[in-house]
Ligand code: ADP
Ligand code: ZN
Ligand code: ZN
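In our numbering, the protein residues as written are 434 to 1167.
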């Protein structure tokens, strides 16, 4: 047995591991994460064990033995190393890749100057001024005043970024004597604002029952995972806050994961108002240094609650008591980089190590989570009514085939057009949703049928305004010449169904309405996202058109109509989770209508009106969808009924790739693991950026069987390093 050891646990040095022999008396005692004393050059050093292995990296005669184990209380670093090791074992990759995921990058702490903005008038006065500003169409000023009425002391950076107002707007209000700005030097914690006229909701009966039950379990040391299934707006967040309060009052710490896209100003403020300076927030836009500082505050105990996306899981808390994962079905919780960990399972392992609780929440739980809840692995709680006054919107499914029969060839069905007209007349807002960006604007030839493709990828190019053809996978661009590159025909054109085309169509059909568009192209800038959302929240536009990104978590009280232009488009992607994603998207989209006391209307346009996911989503009937879908998964041996591992083999050399994928399959057949093996087959997109991809899938009811196959393949690849040198091989678990 050998141990790989690092002597310096800092991000830059994680690649430097040293191997030592584990002396016989330490076998079975030594664990990953423990600190040990090792002979090092002519002296000794202390180091952490990061991996135990039976593979000697160099000539065994040159290896030395570990001297002793340092006995000490389990430290934060030890837990993080053990977690990294768990991730490597369960998801593949190297221990160094796992450690780099878990250990933050160390950067020097720099003090930065911040500007605090303080409201000088009463909140009620600020609101009155806001309404005056509105009348004069000073929308940005009004927005600042409204925000300040709610939070009379706030940070300028928050106002400018989250409300997308220029600093000059704030200056103007300062000149009017409504507020004052002050510079001060702060240590970089996330936000600094203080509570205003914020009121705390009394939980309703159902919310209170759930919170009480979870808190009682926590007090009794019962740490099974809970799943709260609660429709959008049912008050899950209030329940989380109640439990968080309970946990931090017992002196323990909390990590709360929220999909980045839902981490809006309102959400941040809700938590800030309740928990003040004890919370910190991270997001992917922070620099490494800022992230490091915030993690360090947690390590030092200055912060008790960390809110953020997936990577917030690795917050180095001393005494973690609770992990919450909101919208647990979100795909962003699964890492796209090696190790391809899932935040849900990783959180459960992290909680197990810390004797902490995990709460999962969702309106449309992942099939995985709900299956576990049904099996009794998770405790299930349900909230099936909206908490405030709002009621669910009416939903109508429109059959686009009927529209065609009636001669309507536009993107808007008669029903949608009518609903939009009504809403616009009442000055209410509309969201139109196209649930797949890649589907838009591809060019094909009416004569030879040729679809214009990227020369480097196996995908069609998309026509953008200004006559640019763009590849969304590699960024390749060319100008659109209007002739078929294959047959030279001029009868060539775009299949019009992209967000840009919808925007143009709206301008024709509703010339008086103003439109905002939100997709990957319009949100490229640093705060592009927030800017568009706050413009829409400011009612600077009547209609918001967008892709998935407009669907999640946003609360626009004035939106009464939501139109899903083509619900089917996400159903026919080659992925067994297509229906689950579609159901989730449609339910979330419907949840955007009628968030206040205005009655909402949702129109789902489709060519497949009987589709189970579409029908169930129109009734917001999760259980019906689940029953149907789990039956399909069962028949097909798909997760969550069976576990699945995919092996993705990539190479620029097509012939080598073909051989390598067959060799890998042959190797895995040798081990007679009992796993069902499918493939190798070309990946759904065979070529991206001149690299080719093939896939092999393995299914088995026992996860450990799959990790054993992975281990044996990793060994095989190591033993045949030369052969696989020009391939890259990645494992992915479902
Ligand atoms: P979810 O997280 O399930 O979407 P939220 O916790 O965000 O739901 O609650 C939805 C809305 O209902 C919010 O505006 C919130 O302030 C309000 N709300 C939640 N609980 C209550 C309650 N007990 N009484 C009144 N309003 C509530
Ligand atoms: Zn042609
Ligand atoms: Zn390309």
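Where is the CB? At the ideal position from N, CA and C, for every residue including glycine. Just so you know, these numbers come straight off a predicted model, no measurement behind them.
- Ranked by Cα distance from residue 1036, the first of 1025, 1030 and 1045 is 1025.
- By the 16-neighbour rule on beta-carbons within 10 angstroms, residue 904 is buried.
- Going by C-alpha positions, residue 526 is about 44 Å away from residue 917.
- In this structure residue 806 does not touch residue 656 by the C-beta definition: roughly 16 Å separates them, more than the 8 Å allowed.
- Apart from the 5 residues on each side of it in sequence, residue 664 sits with its Cβ closer than 8 Å to the Cβ of 796, 816, 817, 818, 819, 825, 1024 and 1053 in its chain, given in chain order.
- Assignment of beta-bridge partners to residue 437 by DSSP yields 452 and 484.
- In the three-state DSSP reduction, residue 517 falls in the helix class (H, G or I).
- Partner residues in the beta bridge of residue 1128, as assigned by DSSP, are 1081 and 1114.
- By the neighbour-count criterion, in which a residue is buried when 16 or more other Cβ atoms sit within 10 angstroms of its Cβ, residue 773 is buried.
- Ligand 3 has a heavy atom closer than 6 Å to the beta-carbon of residue 889.
- The beta-carbon separation of residue 499 and residue 452, rounded to 10 Å, does not stay under the 8 Å limit for a contact.
- A distance below 6 Å between beta-carbons, with the five flanking residues on each side excluded, links residue 440 to the following residues of its chain, in chain order: 478 and 480.
- Taking 6 Å as the cut-off, the C-beta of residue 583 does not count as close to any heavy atom of ligand 1.
- Taking 3 residues as the minimum length, the beta strand (DSSP E) runs contained wholly in the segment 791-858 are 812-816 and 827-832, in order along the chain.
- The Cβ-Cβ distance between residue 1022 and residue 975 does not fall below 7 Å.
- When Cβ pairs closer than 8 Å are counted between the two stretches, the segment 843-856 is seen not to touch the segment 1048-1063, the count staying below three.
- Counting only the Cα atoms, residue 1063 lies some 10 Å from residue 1069.
- For residue 727, the enclosing alpha helix (DSSP H) starts and ends at 721-732.
- Under DSSP, residue 476 shares a beta bridge with 473.
- Taking residue 1165 as the centre and dropping the five residues before and after it, the same chain places the C-beta of 773 and 1079 closer than 6 Å to its C-beta, in chain order.
- Residue 849 sits away from residue 741, with the two beta carbons spaced by 7 Å or more.
- With 16 or more other Cβ atoms from the protein chains shown falling within 10 Å of its own Cβ, residue 749 counts as buried.
- Residue 669 has its CB nearer than 6 Å to a heavy atom of ligand 1.
- When C-beta atoms of the segment 682-702 are compared with those of the segment 751-764, three or more pairs fall below 8 Å, so the two segments count as touching.
- Residue 902: member of the beta strand (DSSP E) spanning 901-903, first to last residue.
- In this structure, DSSP gives residue 569 a state outside helix and strand, which the three-state scheme calls coil.
- DSSP places residue 1143 outside any beta strand (DSSP E); the residue lies instead in the alpha helix (DSSP H), whose first and last residues are 1136-1152.
- DSSP assignment within the segment 628-693 yields the following whole beta strand (DSSP E) runs of 3 residues or more, N-terminal first: 659-663 and 686-690.
- Taking all protein chains in view, the Cβ of residue 777 is crowded by 16 or more other Cβ atoms within 10 Å, so the residue is classified as buried.
- Taking 6 Å as the cut-off, one finds at least one heavy atom of ligand 3 near enough to the beta carbon of residue 906.
- The closest heavy atom of ligand 3 lies less than 6 Å from the beta carbon of residue 909.
- Straight-line measurement puts the Cα of residue 1055 at about 10 Å from the Cα of residue 1013.
- Distance check between residue 879 and each of 896, 827, 923 and 861 places 923 closest, using alpha-carbon atoms only.
- Residue burial annotation: residue 787 is buried, with at least 16 other C-beta atoms found within 10 angstroms of its C-beta.
- Going by C-alpha positions, residue 1143 is about 11 Å away from residue 1097.
- Distances taken from the Cβ of residue 637 to the heavy atoms of ligand 1 include one shorter than 6 Å.
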